[in-house]
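Going by this note's numbering, the sequence shown opens with residue 123, and the numbers climb by one from there.
All C-beta atoms, glycine included, are put in the ideal place defined by N, C-alpha and C.
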Amino acid sequence: MLTATVSRNGPYDLVMANILAGPLRRMAADLTRNLRPSGHLILSGLLHHQVQQLVGDYLAHKLTLEMRLDLDKWCCLVFKKRQRG
């Protein structure tokens with residue numbers, strides 16, 4: 123789903139995305155594949171009721187949830203990719 127340029131230039135130490143939850147769920151495998159071990163992924167622009175399912179999707183891709191920030195109805199998630207092995 124990610125462009126060839128993004129995939130070709132990765133992996134990345136940091137990836138940030140502020141888009142709808144649906145595309146973020148569909149992009150979970152691609153985003154984590156292009157994230158360097160110990161790299162961070164920041165997902166924002168999420169509504170509270172979307173967070174639980176989204177967290178589950180990303181935990182399944184060898185990420186750990188490092189931080190959750192809430193402001194009014196919005197939520198931001200900070201993940202870290204686990205080391206290989």
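DSSP, read as helix, strand or coil, puts Asp135 in strand. Comparing alpha carbon positions, the residue from Gly144, Gly132, Arg130, Lys203 closest to His171 is Gly144.
About 6 Å separates the beta carbon of Lys203 from that of Thr154, a gap short enough to meet the 8 Å contact definition. Shown here for Ile164: same chain residues with a beta carbon closer than 6 Å to its own, the five before and five after excluded, namely Met138, Val200 in chain order. When DSSP states are grouped into helix, strand and coil, Arg148 belongs to the helix group.
Looking from the CA of Arg147, the closest CA among Arg190, His183, Asp135 belongs to His183.
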